[in-house]
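Quick notes on the structure that follows.
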Amino acid sequence: RKAPMADQPPSRAVVCKEEGNKCMSCKDYVNAMKWYSQAIMLSPKDGALYSNRSFAFLQLGLTSRALADAEESVRLRPEWSKAYFRRAEALLQAGLYSEAQHSYAAGASLDPEDEHLRKQCEEAHSRGTGAQRREMMLVAAAAIARVVGL
Numbered sequence: 001r002k003a004p005m006a007d008q009p010p011s012r013a014v015v016c017k018e019e020g021n022k023c024m025s026c027k028d029y030v031n032a033m034k035w036y037s038q039a040i041m042l043s044p045k046d047g048a049l050y051s052n053r054s055f056a057f058l059q060l061g062l063t064s065r066a067l068a069d070a071e072e073s074v075r076l077r078p079e080w081s082k083a084y085f086r087r088a089e090a091l092l093q094a095g096l097y098s099e100a101q102h103s104y105a106a107g108a109s110l111d112p113e114d115e116h117l118r119k120q121c122e123e124a125h126s127r128g129t130g131a132q133r134r135e136m137m138l139v140a141a142a143a144i145a146r147v148v149g150l
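As structure tokens, then:
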């Protein structure tokens, strides 16, 4: 017979997650990533673990790994706005502004009260517009240089 929930020790996955959280609060992202990886091995269907590891990867500049974990978090918890936020942050870091904006918007639609998500969506739109403008100017400058013979 099982003991009541309050009397049961936390699962090993929970312990690993808590250790990862401690590392995150100390900005020790390498060890946080390791603890979250352990937790994921023990509890592979926990979308929050992928979200947390995604954040650690982002802080380490491992954008593609952060995006992969964020995508898995969205797949496992499609009703959770934070999963979309994590995906948007990874997309933003990758310079994929339009996709980031869509992910922020998806998260905001799940949690309309989240002002931060709404503001991040606007910021992604603004950054994307600026990036498109810069790209168009570079293309135009290259075309002019070809015509002028530079």
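No gaps in the numbering here: position 12 of the sequence shown is 12 in UniProt numbering, and each next residue is one more.
Ideal Cβ placement from N, Cα and C applies to all residues, glycine included.
Quick caveat, the model's predicted, so the values are computed rather than measured.
Under a Cβ-count criterion, where at least 16 other Cβ atoms within 10 Å of its own Cβ denotes burial, should residue i be classed as buried or exposed?
i, result
"C26", "exposed"
"M24", "buried"
"V30", "exposed"
"K45", "exposed"
"K2", "Low confidence applies here, because K2 scores a pLDDT of 49, under 50, leaving its location unreliable; read the following figure in that light. Looking at its Cβ environment, which holds fewer than 16 other Cβ atoms inside 10 Å, K2 is exposed."
"P4", "Bear in mind that a pLDDT of 49 at P4, under 50, signals an unreliable position, so the model cannot answer this."
"S51", "buried"
"G20", "buried"
"K22", "exposed"
"G61", "exposed"
"R75", "exposed"
"E18", "exposed"
"E113", "exposed"
"residue 168", "This structure cannot settle anything about residue 168, because the visible part of the chain is limited to 1 through 150."
"G95", "exposed"
What is the residue span of the alpha helix (DSSP H) that residue i lies within?
i, result
"A83", "81-93"
"S37", "29-42"
"C16", "12-25"
"L76", "63-76"
"E99", "97-110"
"L49", "47-59"
If contacts are defined as beta-carbon pairs under 8 angstroms, then residue i and residue j qualify, I think. What distance do you get, rounded to the angstrom?
i, j, result
"L42", "R12", "5 angstroms"
"A66", "S73", "Not really, about 10 angstroms apart at Cβ, beyond 8 angstroms."
"G107", "S81", "4 angstroms"
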